[in-house]
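**Q**
There are 2 protein chains.
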Amino acid sequence: MKLIYSGKTKDVYELDNGDYQLKFKDDVTGENGVFDPGANTVGLVMEGAGRAGLSLTKHFFEKLKAAGIPTHYIDANIEEATMTVMPATVFGKGLEVICRYRAVGSFLRRYGLYAQEGQSLDAFVEVTLKDDDRLDPPISKSALEMLGILSANEYDTLETLTKQISQVVKDELSDKGIELYDIKLEFGRVKKDNAVVLIDEISGGNMRAYKNGVYIEPLELEKLMLS
Amino acid sequence: MKLIYSGKTKDVYELDNGDYQLKFKDDVTGENGVFDPGANTVGLVMEGAGRAGLSLTKHFFEKLKAAGIPTHYIDANIEEATMTVMPATVFGKGLEVICRYRAVGSFLRRYGLYAQEGQSLDAFVEVTLKDDDRLDPPISKSALEMLGILSANEYDTLETLTKQISQVVKDELSDKGIELYDIKLEFGRVKKDNAVVLIDEISGGNMRAYKNGVYIEPLELEKLMLS
């Protein structure tokens, strides 16, 4: 088993059969001890965060599989905090794809001249580059294509999948009386045929969720969703 | 004659017949006394900058008229540093449309992980919001449409016009042995029929131009182009 990549909230290993194994850590992104799904730094360590994140990820990836939406998921071992996935490569050095139902976070910081805080957005999809040094800049379809990061067809697939996946998550949260404000997804090309699939995870750390107007922390969200 | 708007490098008046008059100032954008066309502050005052900018603007707007490309231009009085234009409204609170032939400036600051400094770009068009407080954030076609700033059709017109206008400027500079790296344009809707036209100015302060690899300051560029 070979370490391929060590990330902020998980490590990626290559298994002997060629599949990848993700090891979920108890590290959570944020700043100064406050959780922020958009942050580029590990802000706090929460006991059990890895297993809780994986449990919710397993739940959603199995829902997506049932809905015929392609992901890299094979199976998960909650006790070990590991998930086995199909090997995939990211676009360029990694992208984040955000689907927004309400104007908060970096959207509001950029477009606050035209948007009110909390205003409804109709599943608005944006892409940002994973680039800590440049604060994850937003990037358009045409710039992504021009810089050779992905093709126009791949972009369209990624946008369509993002809306489908986000709707599945939104509906699941809604069943528990929880409202999804925004969610951050990652996509890659699976090695066998270069198909665009959802990769990484879908946990509390990837989204902003509110209940009766009150923000729900990731661990609390995972508890509410899986109870 | 009524002052409608006082900008960083020019003032806009409404004439008695309803046309607008732009008064070009000697103020130049930049920081700490160094010219920067992307800067949001007036960095220096250069004697004659207003008349020189207007002279080059007149030159280009008349070239564009001859090429059948729509602008707000009516006529200019170089001595007075004034230009008479058709009244127009900006999109939202104002957009800047940039056409890039080489990767420099804010493009490189955002996408430097994927682009080399000075790398060729194929007339790449980007839009930024005029919003000093939020450092003129870049914005995609879909976000512009979603926020009601312009329609998808208007965006397409604006992108096509930007490429046509930039090519005219690039060719003119090229005739003098000067290379255009990037140029920043503004568009608006003329009041009579809401048609999308080029507004504002095309002067040294709107572009980055190089001769034999050496950057040319706006006043010097205006001198070279009109000699």
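Protein sequence lines correspond, in order, to chains Y and U.
Residue numbers 1 to 227, in UniProt numbering, belong to the letters of the first sequence in order.
Residue numbers 1 to 227, in UniProt numbering, belong to the letters of the second sequence in order.
We put the CB at the ideal spot given by N, CA and C, even for glycine.
Values in this document were obtained by computation on a predicted structure and should not be read as measured data.
Which complete alpha helix (DSSP H) runs does the segment 79-138 of chain U hold, if anything under 4 residues is left out?
**A** Taking only runs of at least 4 residues, the alpha helix (DSSP H) segments lying wholly in the segment 79-138 of chain U are 105-111.
**Q** Touching or not, the segment 175-185 of chain U and the segment 131-139 of chain U, by the rule of three or more beta carbon pairs under 8 Å?
**A** Taking 8 Å as the limit for Cβ pairs, the verdict is that the segment 131-139 of chain U does not touch the segment 175-185 of chain U.
**Q** Could you work out which residue in U/Met46, U/Leu56, U/Asn153, U/Lys63 is closest to U/Met225 when comparing CA atoms only?
**A** Translated into positions along the second sequence, residue 225 of chain U becomes position 225. With distances taken between Cα atoms, U/Met225 lies closest to U/Leu56.
**Q** Using the C-alpha atoms, what's the distance from U/Val169 back to U/Asn212?
**A** As a working mapping, residue 212 of chain U is identified with position 212 in the second sequence. As a working mapping, residue 169 of chain U is identified with position 169 in the second sequence. Whole-angstrom Cα-Cα distance: 18 Å.
**Q** Can Y/Ile98 and Y/Asp182 be called in contact, C-beta distance under 9 Å?
**A** Translated into positions along the first sequence, residue 98 of chain Y becomes position 98. Translated into positions along the first sequence, residue 182 of chain Y becomes position 182. Contact: yes.
**Q** Counting Cβ pairs closer than 8 Å, one from the segment 108-122 of chain Y and one from the segment 10-20 of chain U, do we hit at least three?
**A** No, the segment 108-122 of chain Y does not touch the segment 10-20 of chain U.
**Q** Could you have a look at U/Ile165 and say whether DSSP puts it in helix, strand or coil?
**A** By one-based count along the second sequence, residue 165 of chain U stands at place 165. Helix, per DSSP.
**Q** List, in order along the chain, the chain U residues whose C-beta lies closer than 7 Å to that of Y/Leu113?
**A** Here residue 113 of chain Y refers to the residue found at position 113 when the first sequence is read from its first residue. Neighbours of Y/Leu113 on chain U, chain order: Lys93, Leu129, Asp131, Arg134.
**Q** Under 8 Å between beta-carbons, which chain U residues line up against Y/Ala143? List them in chain order, please.
**A** Here the question's residue 143 of chain Y lines up with position 143 in the first sequence. Residues of chain U passing the Cβ test: Tyr111, Phe124, Glu126.
**Q** For Y/Gly204 versus Y/Leu180, is the C-beta distance shorter than 9 Å?
**A** Along the first sequence, one-based indexing puts residue 204 of chain Y at 204. Along the first sequence, one-based indexing puts residue 180 of chain Y at 180. No, the pair does not count as a contact, with Cβ atoms beyond the cut-off.
**Q** Suppose contacts are defined by Cβ-Cβ distances below 9 Å. Is U/Lys63 in contact with U/Ala76 by that definition?
**A** Locating residue 63 of chain U in the second sequence gives position 63, counting from the first residue. Locating residue 76 of chain U in the second sequence gives position 76, counting from the first residue. Cβ distance not < 9 Å, so U/Lys63 and U/Ala76 don't count as in contact.
**Q** Between Y/Gly105 and chain U, is the shortest Cβ-Cβ distance under 9 Å, so that the two count as touching?
**A** If you number the first sequence from 1, residue 105 of chain Y lands on position 105. Chain U, which has no Cβ nearer than 9 Å to the Cβ of Y/Gly105, makes this no.
**Q** Closest by CA to U/Asp19, which one among U/Pro87, U/Val28, U/Ala81?
**A** For the purposes of this step, residue 19 of chain U is taken as the residue at position 19 of the second sequence. U/Asp19 has its Cα closest to that of U/Pro87, out of U/Pro87, U/Val28, U/Ala81.
**Q** In terms of alpha-carbon separation, which member of Y/Val190, Y/Lys141, Y/Val197 lies closest to Y/Ile165?
**A** If you number the first sequence from 1, residue 165 of chain Y lands on position 165. Here the closest residue by C-alpha is Y/Val197.
**Q** For Y/Ile69 and Y/Leu161, what's the separation of their Cα atoms in angstroms?
**A** Working through the first sequence from its first residue, we reach residue 69 of chain Y at position 69. Working through the first sequence from its first residue, we reach residue 161 of chain Y at position 161. Roughly 7 Å separates the two Cα atoms.
**Q** Please look up how many angstroms separate the CB atoms of Y/Arg208 and Y/Gly105, rounded, as I've assumed it's under 8 Å.
**A** In the first sequence, residue 208 of chain Y corresponds to position 208, counting from 1. In the first sequence, residue 105 of chain Y corresponds to position 105, counting from 1. Between Y/Gly105 and Y/Arg208 the Cβ distance is about 7 Å, and since that is below 8 Å, they are a contact.
**Q** Pick helix, strand or coil for U/Gly68, following the three-state DSSP scheme.
**A** Residue numbering aside, residue 68 of chain U sits at position 68 when the second sequence is read from its first letter. Of the three classes helix, strand and coil, the one that applies to U/Gly68 here is coil, per DSSP.
**Q** For U/Asn153, name the three-state secondary structure that DSSP assigns.
**A** Looking up residue 153 of chain U in the second sequence gives position 153. Three-state DSSP puts U/Asn153 in a helix.
**Q** Looking at the structure shown, is U/Asn212 part of a helix, part of a strand, or coil, going by DSSP?
**A** Here residue 212 of chain U refers to the residue found at position 212 of the second sequence. Coil at U/Asn212, not helix or strand.
**Q** Is the Cβ-Cβ distance between Y/Phe35 and Y/Glu201 less than 9 Å?
**A** Numbered from 1 along the first sequence, position 35 holds the residue referred to as residue 35 of chain Y. Numbered from 1 along the first sequence, position 201 holds the residue referred to as residue 201 of chain Y. It is not a contact, given that the beta carbons lie outside the stated cut-off.
**Q** Could you work out which residues of chain Y lie near U/Ser140, taking near to mean beta carbons separated by less than 8 Å?
**A** By one-based count along the second sequence, residue 140 of chain U stands at place 140. Here the neighbours are Glu126, Pro138, Ser140, Lys141.
**Q** For the alpha helix (DSSP H) that contains Y/Leu15, what are its first and last residues?
**A** On the first sequence, residue 15 of chain Y is found 15 positions in, with the first residue counted as 1. Run containing Y/Leu15: none; DSSP gives neither H nor E here.
**Q** Just to make sure I have the definition right: I need the residues of chain Y whose C-beta is within less than 7 Å of the C-beta of U/Ile149. Which are they?
**A** As a position in the second sequence, residue 149 of chain U is number 149, starting the count at 1. What U/Ile149 touches in chain Y: Tyr114.
**Q** State the start and end residues of the unbroken beta strand (DSSP E) segment that holds U/Leu3.
**A** Position 3 of the second sequence, counting from 1, holds the residue named residue 3 of chain U. Unbroken beta strand (DSSP E) run through U/Leu3: 2-6.
**Q** Spatial neighbours of U/Ile199 within its chain, please: C-beta separation below 8 Å, excluding the five flanking residues on both sides.
**A** Mapped onto the second sequence, residue 199 of chain U falls at position 199. Excluding residues within five positions, the ones whose Cβ falls inside 8 Å are Thr71, His72, Val85, Ala88, Val90, Glu186, Phe187, Gly188.
**Q** Looking at the C-beta of U/Leu185, does it have a partner C-beta in chain Y at a distance below 9 Å?
**A** Taking the second sequence and counting its residues from 1, one reaches residue 185 of chain U at position 185. Closer than 9 Å: no.
**Q** So, does the CB of U/Leu121 fall closer than 9 Å to a CB anywhere in chain Y?
**A** Residue mapping note: residue 121 of chain U aligns to position 121 of the second sequence, counting from 1. Output row for U/Leu121: interface = yes.
**Q** Using a beta-carbon distance below 9 Å, is Y/Met146 in contact with chain U?
**A** Along the first sequence, one-based indexing puts residue 146 of chain Y at 146. So yes, Y/Met146 belongs to the interface.
**Q** Report the residue from Y/Leu219, Y/Ser227, Y/Leu150 whose alpha carbon sits nearest the alpha carbon of Y/Ala195.
**A** Residue mapping note: residue 195 of chain Y aligns to position 195 of the first sequence, counting from 1. It is Y/Leu150 whose Cα lies nearest to the Cα of Y/Ala195.
**Q** Contact defined as beta carbons within less than 8 Å: I believe U/Val125 pairs with U/Ile139. What is the distance between those atoms, to the nearest angstrom?
**A** Mapped onto the second sequence, residue 125 of chain U falls at position 125. Mapped onto the second sequence, residue 139 of chain U falls at position 139. Actually they are not in contact, since the Cβ atoms of U/Val125 and U/Ile139 sit about 12 Å apart, beyond 8 Å.
**Q** Have a look at U/Lys141 and Y/Asp16 and give me their C-alpha separation to the nearest angstrom.
**A** As a position in the second sequence, residue 141 of chain U is number 141, starting the count at 1. As a position in the first sequence, residue 16 of chain Y is number 16, starting the count at 1. Rounded to the nearest angstrom, the two C-alpha atoms are 45 Å apart.
**Q** What do you reckon, are the CB atoms on U/Ala52 and U/Lys223 nearer than 9 Å?
**A** For the purposes of this step, residue 52 of chain U is identified with residue 52 of the second sequence, where counting begins at 1. For the purposes of this step, residue 223 of chain U is identified with residue 223 of the second sequence, where counting begins at 1. Going by C-beta atoms, U/Ala52 is nearer than 9 Å to U/Lys223.
**Q** Can you say whether U/Tyr101 is buried or exposed, counting buried as having 16 or more other CB atoms within 10 angstroms of its CB?
**A** Counting from 1 along the second sequence, the entry for residue 101 of chain U is found at position 101. Classification for U/Tyr101: buried.
**Q** For U/Ala76, which beta-bridge partners are listed by DSSP?
**A** Residue numbering aside, residue 76 of chain U sits at position 76 when the second sequence is read from its first letter. For U/Ala76, which the question treats as bridged, DSSP gives the partners U/Met83.
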